[in-house]
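Peer 1:
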Amino acid sequence: MVDEVTASDAQSQSASPEREGEAAADYLEGLLDIIDADGDIDIDMEGERTQVSVIEVNEGDLGLLVGPEGDVLAALQDLTRLAASQETGERSRLMVDIAGHRAKQKEALQKAAEAAVAEAQRTAAPVSMSPMNAFERKVVHDVVAEAGLVSESEGEDPDRRVVIRTS
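Just so you know, we're using my numbering here: the sequence shown kicks off at 234 and counts up by one.
1. Could you check the C-alpha separation between Ala380 and Arg398 for me, to the nearest Å?
2. Can you name the start and end residues of the alpha helix (DSSP H) that Glu302 belongs to?
3. When you compare only the Cα positions, how much space is there between Asp390 and Met365?
4. Which whole-angstrom value is the C-beta distance of Ala258 and Leu327, which I expect to be below 8 Å?
5. Compare the beta carbon distance of Val287 and Gly272 with 7 Å and say whether it is the shorter of the two.
6. On the three-pair Cβ rule with 8 Å, is the stretch 296-316 touching the stretch 333-344?
7. Ignore the nearest five residues each way along the sequence and tell me which others in Glu323's own chain have a CB closer than 7 Å to its CB.
8. Let me check one thing: in DSSP terms, what residues is Arg282 bridge-paired to?
9. Starting from Arg385, trace the beta strand (DSSP E) both ways and give me its first and last residue.
10. Please state whether DSSP places Ile267 in a helix, a strand or coil.
11. Please name the residue, chosen from Val395, Gly293, Gly296 and Glu251, that lies closest to Glu197 on a Cα-to-Cα basis.
12. Hey, Val372 and Ala346 are a contact pair by Cβ (cut 8 Å); roughly how many whole angstroms apart?
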């Protein structure tokens, strides 16, 4: 059987990330209004994933939306994904960043992964990293793959971790 893709199908598929981003932005704008905080919303694509960032306008306005360990941000991302899914009728995998928290977190994770890669190369022994959420593990797996090593996630949440091997 051959799948036919019509022009309208292609248009709806390409419009989906845009609709997803707009739905997420609407949800986040409503939330900012409720808590009386100012933030500029930026919608971008990172690979095939919609990235929605709330950029802080007034220092300290958005810390409440990140939380002490980023837990509030993780919950907010889940709620934003639900809002986008409800609007588009499709499962959402969008990423939400508040006040650059995820960008800073990603940079720190990349450095930690690079150090773990160097240790694995130096010792030729498996290197086990500390437990991480799915976002954090993905960042580490990407760094490891770029270095030409092998990584896998082991364990069960919340203790799931990345183990790096030379082969």
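Quick reminder that beta carbons are idealized off the backbone N, C-alpha and C, glycines included.
Peer 2: This is what the structure holds:
1. Going by the C-alpha atoms only, they are around 11 Å apart.
2. Counting along the chain, Glu302 sits inside no alpha helix (DSSP H), nor does DSSP assign it H or E at all.
3. Our two residues, Asp390 and Met365, have alpha carbons roughly 8 Å apart in a direct line.
4. In this structure Ala258 does not touch Leu327 by the C-beta definition: roughly 10 Å separates them, more than the 8 Å allowed.
5. Closer than 7 Å, so yes.
6. A contact exists between the stretch 296-316 and the stretch 333-344.
7. Closer than 7 Å at the Cβ level, and outside the excluded window around Glu323, lie Ser249.
8. When DSSP reads this structure, Arg282 sits in a beta bridge with Glu279.
9. The displayed chain sequence assigns Glu, not Arg, to residue 385. Here the beta strand (DSSP E) through Glu385 covers Val383 to Glu387.
10. Under the three-state reduction of DSSP output, Ile267 falls in the helix class.
11. With the chain covering only 234 through 400, there is no way to say anything about residue 197.
12. Contact holds; Cβ gap of about 7 Å.
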